[in-house]
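In this note's numbering, the protein residues as written are 577 to 835. Backbone N, C-alpha and C fix where the C-beta goes; we use that ideal spot for every residue, glycine too. Just so it is clear, the structure is predicted and the values come from calculations on it, not from any experiment. Following: one structure in structure tokens, then a few remarks.
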Amino acid sequence: MASVAIVRHVPWEGPHRIARCLEQFELVECEPLDGFAQLQLAAAPSAGQAQGQNALPDPERLAGVVVMGGPMSANDDHRLPGLAAELRWIERVVAAGVPYLGVCLGSQLLARAAGAGVRPGSAPEIGFAEITVTAAGEGDPLLRHLAPRTVVLHWHGEVFDLPSGAVSLARSALTEHQAFRLGDRAWGLLFHAEADEQLVACWLREPVMRREARDALGPQFERSLTAAASAHAGELKRRGDAAFRAFARACAERASEMP
């Protein structure tokens, strides 16, 4: 069975519904655990757990890579050795032609690995809001499933510049580049198309996430996010899962090319 690597930076930001669309593959979870410890997150695993889980597989042996989000910055590589190693690994993944799907921090890391900048946005973008798919996005294998507009979950304070040679696929009212494709097989999504009621409930149990949401949305943040998740999750599941299945097809194509 071909393998897809799932890079998780914090326990609560896993692949969620993306994993269900990749069921035909062996999912290999990788965790840059030094980031947990240095950020002093409550869920930091013990030193005994770190051995082996931090290893990033040889890209040549992978059918695909999914890199998820986290509260650290894509610019924290100077103080998080695991993140620095991950950036170098992402360069190898893209160079090898391995399908790559980066979500939130994962998209910012892809941008940085491709030489683009990551910087604070005009304001934190947190909550359910619409993205508009660009003309290029309407012809993209993944983003066409979100065209022309889809309400998605946003949860970020930083944005990326468009890497040289990349194609911008979506935008929002606050953010010029919400998604991009680099080459034929590497996608960065700043937003969370994998979101649903269960994911929102999970995140709202985490102190880091609650603090960010309260700062951005005010004291009614929990009620606001829960209501929006209920209102939009059905359509987002349908459209988002179609996009993730398209990514799975790219991984299957890559697997068919492997020895």
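ask   = Per DSSP, which one or two residues make a beta bridge with Trp-588?
value = For Trp-588, which the question treats as bridged, DSSP gives no partner whatsoever.
ask   = Can you give, in chain order, each stretch of the alpha helix (DSSP H) that sits fully within the stretch 765–792 and has at least 4 residues?
value = 773–779
message = Here's the rule I'm using: 16 or more other beta-carbon atoms within 10 Å means buried, otherwise exposed. How should His-654 be labelled?
response = exposed
message = For chain D, check one thing: does any of its Cβ atoms lie closer than 9 Å to the Cβ of Ala-742?
response = Structure shown: chain D not included; a single protein chain is present.
query = Pro-835 by DSSP, collapsed to three states: which one?
reply = coil
request  = Would you mind sorting Gly-628 into buried or exposed? The rule is 16 or more other CB atoms within 10 Å of its CB.
outcome  = Only weak support exists for where Gly-628 lies, its pLDDT of 34 falling under 50; the value from the coordinates is given anyway. Exposed: under 16 other Cβ atoms inside 10 Å.
Backbone secondary structure at Cys-606 - three-state DSSP = strand
task = Scan the stretch 660–696 and note each continuous alpha helix (DSSP H) run of 4 residues or more that stays entirely inside, going in chain order.
result = 681–689
query = Which residues in the same chain have their Cβ closer than 7 Å to the Cβ of Cys-597, if we skip the five residues on either side of it in sequence?
reply = Asp-817, Phe-820, Arg-821, Ala-824
query = Per DSSP, His-721 forms a beta bridge with which residues?
reply = BP columns for His-721 are empty, so no partner.
key: Span of the alpha helix (DSSP H), counted from its first residue to its last, around Ala-581   = Note, Ala-581: premise wrong, no alpha helix (DSSP H); beta strand (DSSP E) at 579–583.
ask   = How big is the Cα-Cα spacing for Phe-704 and Pro-647?
value = 18 Å
request  = May I ask you to check if the CB of Asp-772 is nearer than 8 Å to at least one heavy atom of the ligand FMN?
outcome  = Looking at this structure, you won't find the ligand FMN or any other ligand, since it has none at all.
ask   = Quick one, are the C-beta atoms of Leu-719 and Leu-745 less than 9 Å apart?
value = yes
Reference Thr-710; option with closest CA among Cys-778, Gln-754, Arg-584, His-768 = Gln-754
ask   = Measuring CA to CA, which of Pro-783, Arg-815, Asp-760, Ala-792 is closest to Ala-867?
value = Nothing can be reported for residue 867: it is not among the residues displayed for the chain, which extend from 577 to 835.
CB contact flag (Ala-841, Ala-742, <9 Å) = Given a span of 577 to 835 for the chain in the structure shown, any question on residue 841 remains unanswerable.
inquiry  = Taking DSSP's pairing of strands, which residues face Gly-640 in a bridge?
reply    = Val-580
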